[in-house]
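Colleague:
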Amino acid sequence: MAMLGQRRQQRPATRKRLESPGAKRADEGSVVIERLAHDGRGVAHNLEGKILFIEQALPGEEIEVAVHTQHGRYDEGHVRRILKASDERVTPGCAHFGRCGGCDLQHLAIEGQRRHKQQVLREHMARHDIELPELSLLEGDAWGYRRRARLGVRVGSDDRIHMGYRVRGQDRLFNIEQCPILEPRLEALLQPLRALIETLEAPRRLGHIELVAGDENVMITLRQLRRVSNDLARWQQFAHEYGVLLSVVCGEGEKPALERLDDRPETWPSYRALPGDDALNIRVQNGDFLQANAEVNHQLVAQVLAWADIHDGMSVVDLFAGVGNFSLTLAAAGARVIAYEGRESMVQRLRDNAQAAGVSDDIEARCTDLASAPPGLEDAALVVLDPPRAGAQGICQSLAVSGPSRVLYVSCEPATLARDVHLLVSGGYRLVRAAVADMFPQTAHLESLVLLERQPT
Ligand SMILES: C[S@@+](CC[C@H](N)C(=O)[O-])C[C@H]1O[C@@H](n2cnc3c(N)ncnc32)[C@H](O)[C@@H]1O
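Using UniProt numbering, the first residue of the sequence shown is number 1, and each one after it goes up by one.
1. Report all residues from its chain with a CB closer than 6 Å to the CB of Val249; omit the five preceding and five following residues, and keep chain order.
2. Under 8 Å between the Cβ atoms of Leu105 and Gln348?
3. Which word fits Ser402, buried or exposed, when buried means at least 16 other C-beta atoms lie within 10 angstroms of its C-beta?
4. Could you check whether Asn293 and Arg146 sit closer than 8 Å to each other, using their CB atoms as the reference points?
5. Using a Cβ-Cβ cut-off of 7 Å (strictly less than) and excluding sequence neighbours within five positions of Arg150, which residues of its own chain qualify?
6. What are the boundary residues of the beta strand (DSSP E) that Glu187 is part of?
7. Ligand 1 heavy atoms versus the CB of Gln303: any closer than 7 Å?
8. Pick out whichever of Gly322, Ser398, Gly40, Val65 has its Cα sitting closest to the Cα of Val120.
9. Which residue from Arg260, Gly77, Gly144 puts its Cα closest to that of Gln178?
10. For ligand 1, is there a heavy atom less than 7 Å away from the beta-carbon of Leu370?
11. Can you give me the Cβ contacts of Thr329 inside the same chain, cut-off strictly under 7 Å, excluding the 5 residues immediately before and after it?
12. If you draw a straight line from the C-alpha of Ala437 to the C-alpha of His38, how long is it?
13. From the DSSP output, in three-state form, read off Asp309 for me.
14. Among Glu241, Pro203, Pro184, Arg283, which residue has its Cα nearest to the Cα of residue 484?
15. Measure the beta-carbon distance from Val316 to Val384 and round it to whole angstroms, keeping in mind my assumption that it falls under 8 Å.
16. Where does the unbroken beta strand (DSSP E) through Thr221 begin, and where does it stop?
17. Where does Ala213 sit, in a helix, a strand or coil, going by DSSP?
18. Looking at Leu83 and Ile63, is the spacing between their C-beta atoms short of 8 Å?
19. Who are the Cβ neighbours of Ser372 in its own chain at under 6 Å, not counting the five residues just before and after it?
20. Tell me where the beta strand (DSSP E) around Tyr165 begins and ends.
21. Let me make sure I understand the geometry here. Which of Asp288, Asp231, Ser405 has the alpha-carbon closest to that of residue 475?
22. From what residue to what residue does the beta strand (DSSP E) around Arg366 run?
23. Give me the residue from Ser86, Leu47, His45, Gly72 with the minimum Cα distance to Gln56.
24. Please list the terminal residues of the continuous alpha helix (DSSP H) segment that includes Asp420.
25. Is any non-hydrogen atom of ligand 1 found closer than 7 Å to the C-beta of Pro374, if you look at the structure I gave you?
26. Let's see if you can read the secondary structure: which residues bound the alpha helix (DSSP H) around Gly112?
27. Who are the Cβ neighbours of Gln236 in its own chain at under 6 Å, not counting the five residues just before and after it?
28. Based on the DSSP output, what are the partners of Glu55 in its beta bridges?
29. Whose CA, out of Ala213, Thr91, Phe97, lies closest to the CA of Arg168?
30. Given that a residue counts as buried once 16 or more other Cβ atoms are within 10 Å of its Cβ, and exposed if not, what is Gly112?
31. What residues in its chain sit with their C-beta under 6 Å from that of Glu28, if we drop five residues either side in the sequence?
32. Helix, strand or coil, according to DSSP, for Glu241 in the structure here?
33. Go ahead and pull the three-state DSSP assignment for Ser402.
34. So, with DSSP's three-state summary, where would you put Asn297?
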């Protein structure tokens, strides 16, 4: 039987002879997992009927649980021993799984992960009495997909270098040796980066490292608290040796200076919005938003384009437009696009990307805070929106009162999506298409998109 995840404070789950009707019990000292919670943990009840959230436990499994945190209404625990394993249990693909704070679902076969994500979207919608049409699934490789990462760097009191991810909800850094969800070009840099940092004169001056993989180029950005010339020279040599673009953000305060350190300062990472379409090449710079998974983003853009059903001259508003991921493709298909984005630097990049793609006459990019709706949305034929996790409540309230005939909503947080769709449905829209995009395999995160049409009154 497998022993999983070492945890502090191991204690068996509290057991009393008070059996609740909901409690499923295999035998003394064990529980049966009933379902997966939205965050990917297994859900069971102890004999008192108290709910247990158990890391790395799968539906149908019989396990011995070790409770590590107790709360008033629920306890949290992990698997001490698997007594009966699910058919869908697989060996995690990473030695750090369960400890680094990144992935939640490596122990579940990829098909099960994707079924779970579809179920999560259905459940969020059901809470608002919204029934989903048949769900399509956008999916790519289960591993080696992640094209951006931020690695923290710390020097321990023993002078050992720690390089890795921040443990979820904590200030602690988990030291990583591997990360198989990273794009192979990025994962291959982990060991050389660590070796380089170990030779630096002042590694304590290094805050974090950002890695971005464009279609042709990889870029490393250093967050350096103070300039250390000898160390920057070592980084330059590293960039040359590994053929990567290199920039450094130096200093503290609100606007630290950005400097390019490689010998190709005009080159930035870029990606094709649709595979094989070299004209729609989207450039990103330091700090720009970039969809994390190139292959799934291709499908996402293609799906947005298919649902948008563009005809020549059709007016589209793209809200939370970033550097033009959707705007460029929609304009290239014949739409006249007004793109809104809150970060001035990204608005400028969107304009530059539109210029390079030959669609600048068809895209008007505006820098606006979208805490509330910009004017004129009702005049568009279609509004596309892709907000951050908090969703777009204010905008959906306005759309519900006077919106265009169609709204296409891309979301990275199903709870706020369901809340906002409820507003739209209450205002007279009908949900006609829905899809889940598995943008982050091995994690519980899901991206989804829905198309709504205004019902005739
Ligand atoms: C999920 S990203 C989507 C970007 C783009 N659609 C894409 O696919 O690459 C959300 C975008 O919304 C922008 N954003 C976040 N809050 C905003 C606000 N209050 N007003 C305007 N833009 C905002 C972010 O800068 C980011 O570019």
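We put the CB at the ideal spot given by N, CA and C, even for glycine.
Modeller: So, to answer that:
1. Arg223, Pro256, Leu258
2. no
3. exposed
4. yes
5. His208, Glu210
6. Per DSSP, Glu187 belongs to no beta strand (DSSP E); it is in the alpha helix (DSSP H), 184-187.
7. no
8. Gly40
9. Gly144
10. yes
11. Ala273, Leu274, Leu280, Val301, Leu305
12. 16 Å
13. coil
14. The question about residue 484 has no answer, for the chain in this structure spans 1 to 457.
15. 6 Å
16. 218-224
17. strand
18. yes
19. Gly394
20. 161-166
21. Not covered by the structure: residue 475. The range shown for the chain is 1 to 457.
22. 363-367
23. Ser86
24. 414-426
25. no
26. 110-127
27. Leu261
28. His78
29. Phe97
30. buried
31. Only weak support is given to the placement of Glu28: the predicted model assigns it a pLDDT of 45, under 50, and the value that follows is read from those uncertain coordinates. Closer than 6 Å at the Cβ level, and outside the excluded window around Glu28, lies no residue.
32. helix
33. coil
34. helix
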